[in-house]
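*Asks:*
Residue numbers (full-length UniProt numbering): 1 to 72.
(1) Give a yes or no on whether the C-beta atoms belonging to residue 31 and residue 71 are separated by under 7 angstroms.
(2) Given 8 angstroms as the limit, is there contact between the region 35 to 44 and the region 54 to 63, that is, 3 or more CB pairs closer than that?
(3) What separation, rounded to the nearest whole angstrom, lies between the Cα atoms of residue 7 and residue 58?
(4) Does the Cβ-Cβ distance between residue 48 and residue 22 come in under 7 angstroms?
(5) From residue 11 to residue 19, what does the alpha carbon distance come to, in whole angstroms?
(6) What does the Cβ neighbour count give for residue 15, buried or exposed, with the cut at 16 atoms within 10 Å?
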């Protein structure tokens with residue numbers, strides 16, 4: 001999918017990839033990787049994923065045409 005999107009110049013896109021989702025609370029202490037990551041035991045709360053996505057709306061240029069991976 002990212003291969004197809006990378007060919008499109010007139011659309012700004014971000015695909016947020018997350019580790020295993022939990023029902024934990026928001027900590028704002030997560031890590032973001034922009035390279036391919038296969039973290040077997042990685043996890044992240046849904047609240048922190050939502051926090052990251054909301055932050056993207058404030059700084060929308062940071063991850064344009066990228067696939068950030070979020071985990072602890």
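Cβ atoms here follow ideal geometry from the backbone N, Cα and C, with glycine treated the same way.
*Replies:* Considering the structure as presented:
(1) Cβ atoms of residue 31 and residue 71: closer than 7 angstroms.
(2) They do not touch, by the three-pair rule.
(3) When rounded, the distance between both Cα atoms is 25 angstroms.
(4) Between residue 48 and residue 22, the C-beta gap is not smaller than 7 angstroms, which leaves the two residues out of contact.
(5) Taking the straight line from one Cα to the other gives about 26 angstroms.
(6) Taking all protein chains shown into account, residue 15 has fewer than 16 neighbouring C-beta atoms within 10 Å of its C-beta and is therefore exposed.
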